[in-house]
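By our numbering, the letter at position 23 of the sequence shown is numbered 83, and the numbering carries on one by one without gaps. Remarks on the structure that follows.
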Amino acid sequence: MNGKEAVAAYSAAQASGQRYDLICMDIMMPEMDGQAAIKEIRTLEEAGGTLSTGGVKIIMTTALDDVKNVVRSFQSLCDAYLFKPIDTAKLLGHIKEFHLV
Numbered sequence: 061m062n063g064k065e066a067v068a069a070y071s072a073a074q075a076s077g078q079r080y081d082l083i084c085m086d087i088m089m090p091e092m093d094g095q096a097a098i099k100e101i102r103t104l105e106e107a108g109g110t111l112s113t114g115g116v117k118i119i120m121t122t123a124l125d126d127v128k129n130v131v132r133s134f135q136s137l138c139d140a141y142l143f144k145p146i147d148t149a150k151l152l153g154h155i156k157e158f159h160l161v
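This is the structure:
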């Protein structure tokens, strides 16, 4: 899936009254990168009356471990950032922290 498809999937779910609980997003995707996709998703949430703190939990999962990308991702309002290869314990820790299990 690319960034545009991710935003479209989120938008379709929102329009049908469904919601995502968790999105794991990579930064490096074709057509629209993950940081831009997160911004679009947060904009859709706000347009629907949901603040990012009450919306879908978004974990950036990427091979990019430089400070610039980490900061940009949090500025785009991701909820967590994990480096690849993904540490399963850390992923599960975030999922528990978000009260999704």
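Built from N, CA and C at the ideal position, the CB exists for glycine as well. Predicted model only: the values in this text are computed from it and were never measured.
Pick from the options that is closest to residue i, judged by C-alpha positions
i: G114; options: H159, A123 and N62; result: H159
i: M85; options: S76, A75 and L137; result: L137
i: I146; options: I155, R132 and A123; result: A123
i: M120; options: G77, I83, A72 and K99; result: I83
Assigned secondary structure, residue i (DSSP; H/G/I helix, E/B strand, else coil)
i: L163; result: As displayed, the chain neither begins before 61 nor continues past 161, which places residue 163 out of reach and without an answer.
i: R118; result: For the record, residue 118 in the displayed sequence is Ile; it is not Arg. If DSSP states are grouped into helix, strand and coil, I118 belongs with the strands.
i: L82; result: strand
i: L151; result: helix
i: A66; result: helix
Rounded distance between the beta-carbons of residue j and residue i, thought under 8 angstroms
i: V130; j: Y141; result: 5 angstroms
For residue j and residue i, the rounded distance between their alpha carbons
i: M88; j: A68; result: 17 angstroms
i: K64; j: D125; result: 23 angstroms
i: E105; j: L152; result: 25 angstroms
i: K144; j: D93; result: 16 angstroms
N-terminal and C-terminal residue of the alpha helix (DSSP H) that residue i is part of
i: I98; result: G94 to A107
i: N129; result: V127 to Q135
i: G77; result: Here G77 belongs to no alpha helix (DSSP H), and DSSP marks it neither H nor E.
N-terminal and C-terminal residue of the beta strand (DSSP E) that residue i is part of
i: A140; result: A140 to F143
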